[in-house]
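Notes follow the structure.
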Amino acid sequence: MNGFVGNEKDNDPLPPTSHITKLVKKSLVHNGGKIDGKALLPRPKEDYMSVNWLEYDGNTDLEVCVQNIINIYKDKLKVKKNDRLPIINVQRAIEYVKAETDDRRKIQILYKPELKPDHTYGDPSHSGVYGYSHEDVIIGELLTDIVQQVHRAENFLSSPK
Amino acid sequence: MNLTDVEPKENRSISYNNIPPSIGVSTHLDTLPASPQTNLKTNYYKVYEEENSTLFRSLGYYKDIEEDNLDSHKRIKTLVLSLYRERPDFDDYITPRTYELIEDIEDDQDTEQKIISFESFNNFTDFLTKNDNLIIPSFIVTYEGNIRALWRKSRIQHLAVEFNPDDTNTYVIFTPNPNNTGKVMRSTGTIDKERLYQVVVSMGADEWICR
Chain A
7 MNGFVGNEKD NDPLPPTSHI TKLVKKSLVH NGGKIDGKAL LPRPKEDYMS
57 VNWLEYDGNT DLEVCVQNII NIYKDKLKVK KNDRLPIINV QRAIEYVKAE
107 TDDRRKIQIL YKPELKPDHT YGDPSHSGVY GYSHEDVIIG ELLTDIVQQV
157 HRAENFLSSP K
Chain B
87 MNLTDVEPKE NRSISYNNIP PSIGVSTHLD TLPASPQTNL KTNYYKVYEE
137 ENSTLFRSLG YYKDIEEDNL DSHKRIKTLV LSLYRERPDF DDYITPRTYE
187 LIEDIEDDQD TEQKIISFES FNNFTDFLTK NDNLIIPSFI VTYEGNIRAL
237 WRKSRIQHLA VEFNPDDTNT YVIFTPNPNN TGKVMRSTGT IDKERLYQVV
287 VSMGADEWIC R
């Protein structure tokens, strides 16, 4: 595995210029490709939204990064061809949510790599968006506004690991 | 609503202007209970044989079969077809989209994804039927199995409503502030569907979610 960007450690904020994504099921995607705000909220029993840091290995080509993330997903999730991967810039997310919420909410996007029992990385891209809950539905809707790109999983499923 | 004006275009798996053959009249029998038990349903089947699909959609039929132990998706399919007489425009989008979502979820086999709640779907279509001046919204299914509808004209003309089975519906509205040009009002809350439209009107959102 390549070294991480800036050698980020567990709980470090992600670099502002980098990007996050997550796997969104087709049933949470509107016709026309709009990701529903509910897809960008933490689940009820979670205190953060699980995401993946696209540039975790130092690569900055977003197409290559998405392929890397899909390869990680293949090991831990059932990825279907119609699933989507929305891409959001870290700094834009933090600033937009702060600017557009009444309480000037400060979300944080922190690095949370998943370790296997043998202390190797199960998901070296895993990160979390902190500072809001599943009840903050306005923030979920705001995050959908700043999705830069939406990729279809099927475009990346056929590539070998 | 035309989301494609503001969102990236993607290939659609279904054309919503043409109902796929898989949900056409010829397969309506699929949605009926296999063995009608009551007189009403027996009579219904006779009518079905005589009149074919037109009367299948007769209003109120679904209320009777609610009592049966049909699974939620079968009940939803029957409900959406039964609404045809009252809202024939549902066939342009609501019906095929519903079938598409049912198929997605049944194929998914994700233990975290619940099947679509009949009660949630019923609240959703009831809201649309009672407020027939509304633009037909886009909609998705949450992990909890609830219908979540979206009316969106722009970033500041945005209404999302999650229809919960117990009619405690969660809404989010972004709408222009009439007293402060260029500013947006954002509001969220939980309300029953009977009063949801009043909230929409009070926020001025009826100007852009109605035909």
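Just so you know, the sequences run in chain order A and B.
The numbers in this note's numbering rise by one with no breaks, and the one at position 73 of the first sequence is 79.
The numbers in this note's numbering rise by one with no breaks, and the one at position 169 of the second sequence is 255.
Heads up, the beta-carbon is just placed ideally off N, CA and C, and yes, glycines get one too.
Cβ neighbours of K15(A) within its own chain (closer than 6 Å, five residues either side excluded): none. Taking the C-beta atoms as reference points, V286(B) is found no nearer than 9 Å to D278(B). Scanning its chain for C-beta atoms nearer than 7 Å, with the 5 sequence neighbours on each side dropped, one finds around T228(B) the residues R234 and E248, in chain order. Think of a sphere of 8 Å around the beta carbon of G137(A): no beta carbon from chain B falls inside it, the nearest being about 17 Å out. Chain A places a beta carbon closer than 9 Å to that of L187(B), counting this residue as a contact. H159(B) is classed as buried because its beta carbon has at least 16 other beta carbons within 10 Å across all chains shown.
Below 8 Å, too few C-beta pairs join the segment 96 to 103 of chain A and the segment 60 to 79 of chain A to call them touching: fewer than three. Among the CB atoms of chain A, one or more fall inside 9 Å of the CB of T274(B).
The segment 227 to 260 of chain B is shown to contain whole beta strand (DSSP E) runs of 3 or more residues at 233 to 240 and 243 to 249, in chain order. Contact residues of the segment 92 to 113 of chain A toward chain B are absent (C-beta to C-beta distance below 7 Å). Residues of the segment 31 to 45 of chain A with a Cβ closer than 8 Å to any Cβ of chain B, in chain order: K31, K32, S33, L34, V35, H36, N37, G38, G39, K40, D42, G43 and K44. Excluding the 5 residues flanking it on each side, W59(A) has same chain C-beta neighbours closer than 7 Å at L20, S24, I26, Y117, S131 and S133, in chain order.
Within the segment 255 to 269 of chain B, T256, Y257, V258 and F260 place their CB atoms closer than 9 Å to a CB of chain A, listed in sequence order.
Here the segment 248 to 262 of chain B makes contact with the segment 195 to 209 of chain B; the two share three or more CB pairs at distances below 8 Å.
Membership of T184(B) in the alpha helix (DSSP H) is indicated by the continuous run I180 to D194. When CB distances to chain B are screened at a threshold of 7 Å, the residues of the segment 125 to 150 of chain A falling below it are V143, I144 and E147, in chain order. Chain-ordered, the chain A residues with CB closer than 7 Å to the CB of T228(B) read K44. At a beta-carbon threshold of 9 Å, the residues of chain A lying near D194(B) are K31, K32, S33, K84 and K86, ordered along the chain. Within the DSSP secondary-structure output, G134(A) pairs in a beta bridge with S56(A) and L116(A). For the options T107(A), I115(A), G43(A) and K28(A), the alpha carbon positioned closest to that of N74(A) is the one of K28(A). About 10 Å separates the Cβ atoms of Y179(B) and I221(B), ruling out a contact at the 8 Å cut-off. By the beta-carbon neighbour count (other beta carbons within 10 angstroms, threshold 16), K87(A) is exposed. Assignment of Q154(A) by DSSP, reduced to helix, strand and coil, places it in the coil class. For L214(B), the closest Cβ of chain A is not nearer than 9 Å. Of I115(A), L163(A), A45(A) and Q154(A), the smallest CA-CA separation from L68(A) is found for Q154(A). Nearest in C-alpha terms to P48(A), of all of P119(A), I145(A) and D129(A), is I145(A).
Of the residues assessed, K239(B) falls on the buried side of the cut-off, its CB having 16 or more other CB atoms within 10 angstroms.
When the Cα atoms are used, D157(B) and L149(A) turn out to be separated by approximately 35 Å.
Here I144(A) carries a helix assignment [DSSP, helix/strand/coil]. Under the 9 Å criterion on CB atoms, E248(B) is classed as interfacial with respect to chain A.
Nothing from the segment 161 to 176 of chain B brings a Cβ to less than 7 Å from some Cβ of chain A.
Residue environment: K269(B) is assigned as exposed (fewer than 16 neighbouring CB atoms within 10 Å of its CB, all protein chains considered). The Cβ atoms of F225(B) and I162(B) do not sit closer than 9 Å to each other. Collapsing the DSSP output to three states places V96(A) in a helix. Note on T181(B): 16 or more other CB atoms within 10 angstroms of its CB, so buried under the neighbour-count rule. In the structure shown, L169(B) falls within a coil segment according to DSSP collapsed to helix, strand and coil.
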